[in-house]
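Below: one structure, written as structure tokens.
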Amino acid sequence: GTLSRQQRTVFLLRFVEEMELSEIAETTRMNTSTVKSHLYRALRIVRERVSEKPKVNNEQARQPIS
């Protein structure tokens, strides 16, 4: 899946800007529990994407590594 605008915003503020949940809530004008919910869902989606196996077709698999 893909991240919603709110999930992406909360994720970036938390992990790129290193903001506390209370700061994110104030900045985005969201309730702290809403921030936590968006962050939880964003983390779940990111973890799923990171753990997916890369899609490689047979032709790519036969290419020598240079």
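Going by my numbering, the letters in the sequence shown line up with residues -15 to 50, in that order. Where is the CB? At the ideal position from N, CA and C, for every residue including glycine.
Cβ shell of residue i (< 7 Å), same chain only, five flanking positions each side left out
{"i": "Glu2", "result": "none"}
{"i": "His22", "result": "Gln(-10), Gln(-9) and Val(-6)"}
{"i": "Arg(-2)", "result": "Ile8 and Leu23"}
Cβ-based neighbour list, residue i, same chain, cut-off 8 Å, excluding 5 preceding and 5 following
{"i": "Ser6", "result": "Thr16"}
{"i": "Val30", "result": "Leu(-13) and Phe(-5)"}
{"i": "Pro38", "result": "none"}
CB contact flag (residue i, residue j, <9 Å)
{"i": "Arg(-15)", "j": "Glu36", "result": "The displayed chain sequence assigns Gly, not Arg, to residue -15. Against a cut-off of 9 Å, the Cβ pair of Glu36 and Gly(-15) comes out as no contact."}
Cβ neighbours of residue i in the same chain (closer than 6 Å, five flanking residues each side left out)
{"i": "Val34", "result": "none"}
Simplified DSSP state of residue i, which is helix, strand or coil
{"i": "Leu(-4)", "result": "helix"}
{"i": "Glu32", "result": "helix"}
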